[in-house]
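Peer 1: One structure, pasted below without further comment.
Residue numbers (the numbering used here), protein chains in the order written: chain A, 1 to 112; chain B, 113 to 226.
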């Protein structure tokens with residue numbers, strides 16, 4: 001069964017600190033992996049998309065890495081801000097399909 | 113573009129009533145997706161359309177759920193009759209192209225069935 005597991009479930013960090021969120025997946029065949037940010041009360045917004053051949057992609061203070069061999073991805077947030085408080089969802093796309101497999105997300109709280 | 117538009121934003125209804133959720137995708141997008149999100153199960157795909165045609169409805173929980181896309185700029189998700197376990201946030205998303213494209217989500221409809 002195709003699955004996406006995220007850890008930790010929740011995380012609290014102090015403003016200005018860095019953090020790393022983890023995503024492990026069993027989806028096969030693999031097309032691409034995305035990280036979404038979902039603010040409370042809003043729909044998810046795409047942060048990064050990586051294909052099988054990419055192993056790192058940045059979007060401002062967000063850097064995603066991908067190891068397709070071990071089927072692991074991470075999202076690193078640098079110099080966190082209060083506005084980074086949100087749920088971060090790892091999503092994997094099957095090759096040749098339009099459906100996505102979602103992780104349950106990591107809830108991040110950045111504390112002042 | 114205004115992004116994906118959903119209405120209503122909030123809906124409170126009583127068990128047994130019919131509920132209709134509405135979605136206007138981003139103009140030009142050829143894929144439309146309906147999702148349900150709960151704390152327990154996260155985001156779940158219910159159904160998706162390509163060029164107004166339903167492609168995969170295997171995620172629709174039961175016959176009480178139905179979805180239509182009469183044209184490229186409008187889709188509905190209907191629940192009849194509604195039950196308390198249907199309470200969730202329902203998202204509509206659209207994309208240009210299949211799975212490799214970015215899906216743009218609407219703000220969601222928060223449904224509470226009493």
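All C-beta atoms, glycine included, are put in the ideal place defined by N, C-alpha and C.
(1) For residue 95/A, collect the residues of the same chain with a Cβ closer than 7 angstroms to its Cβ; drop the 5 residues on either side in sequence, then sort them by chain order.
(2) Would you please verify whether the beta carbon of residue 28/A is less than 7 angstroms from any beta carbon of chain B?
(3) Taking the beta carbon of residue 194/B as the centre, do at least 16 other beta carbons fall within 10 Å, making it buried, or is it exposed?
(4) For the structure I just gave you, are there three or more beta carbon pairs, one from the region 48–62 of chain A and one from the region 118–135 of chain B, closer than 8 angstroms?
(5) When the cut-off is 7 angstroms and only beta carbons count, does residue 44/A lie next to chain B?
(6) Can you check which of these residues, 144/B, 119/B, 201/B, is closest to residue 182/B by C-alpha distance?
(7) Taking the alpha carbon of residue 138/B as the point to measure from, which residue in 214/B, 222/B, 224/B, 223/B has its own alpha carbon closest?
(8) Helix or strand or just coil, what does DSSP make of residue 134/B?
(9) Assign residue 44/A to buried or exposed, taking buried as 16 or more other Cβ atoms, counted over all protein chains shown, within 10 Å of its Cβ.
(10) Would you check if the distance between the CB atom of residue 134/B and the CB atom of residue 188/B is smaller than 7 angstroms?
(11) Going by alpha carbons, who is nearest to residue 207/B out of 131/B, 180/B, 162/B?
(12) May I ask you to list, following chain order, the residues of the region 154–175 of chain B that have a beta carbon less than 8 angstroms from some beta carbon of chain A?
(13) Which of helix, strand or coil does DSSP assign to residue 208/B?
(14) Tell me, to the nearest whole angstrom, how far the beta carbon of residue 146/B is from that of residue 179/B; I am working on the premise that it is less than 8 angstroms.
(15) Please state the DSSP three-state secondary structure of residue 83/A.
Peer 2: Quick look at the numbers:
(1) Taking the first chain and counting its residues from 1, the one referred to as residue 95/A is at position 95. The residues are 29, 30, 31.
(2) Here residue 28/A is taken as the residue at index 28 of the first chain, counted from 1. No, because no Cβ of chain B sits closer than 7 angstroms to the Cβ of residue 28/A.
(3) Numbered from 1 along the second chain, position 82 holds the residue referred to as residue 194/B. Buried is the call here.
(4) no
(5) Stepping through the first chain from its first residue, residue 44/A is reached at position 44. It does; some Cβ of chain B falls within 7 angstroms.
(6) Looking up residue 182/B in the second chain gives position 70. Selected option, being the one with the closest Cα: 144/B.
(7) Along the second chain, read from residue 1 onward, the residue named residue 138/B stands at position 26. Of the listed residues, the one whose Cα sits closest to residue 138/B is 214/B.
(8) Translated into positions along the second chain, residue 134/B becomes position 22. Reduced to three states, the DSSP call for residue 134/B is strand.
(9) Residue mapping note: residue 44/A aligns to position 44 of the first chain, counting from 1. So residue 44/A ends up on the buried side.
(10) As a first step, residue 134/B is located in the second chain; it is residue number 22 there, counting from the start. As a first step, residue 188/B is located in the second chain; it is residue number 76 there, counting from the start. It is a contact, given that the beta carbons lie within the stated cut-off.
(11) The residue given as residue 207/B occupies position 95 in the second chain. For residue 207/B, the nearest C-alpha among the options comes from 162/B.
(12) 154, 155, 156, 157, 160, 162, 167, 168
(13) Residue 208/B sits at position 96 when you count from the first residue of the second chain. Residue state, collapsed to three classes: coil.
(14) One-based indexing of the second chain puts residue 146/B at position 34. One-based indexing of the second chain puts residue 179/B at position 67. That pair is a contact at about 6 angstroms.
(15) Locating residue 83/A in the first chain gives position 83, where the first residue counts as 1. Of the three classes helix, strand and coil, the one that applies to residue 83/A here is helix, per DSSP.
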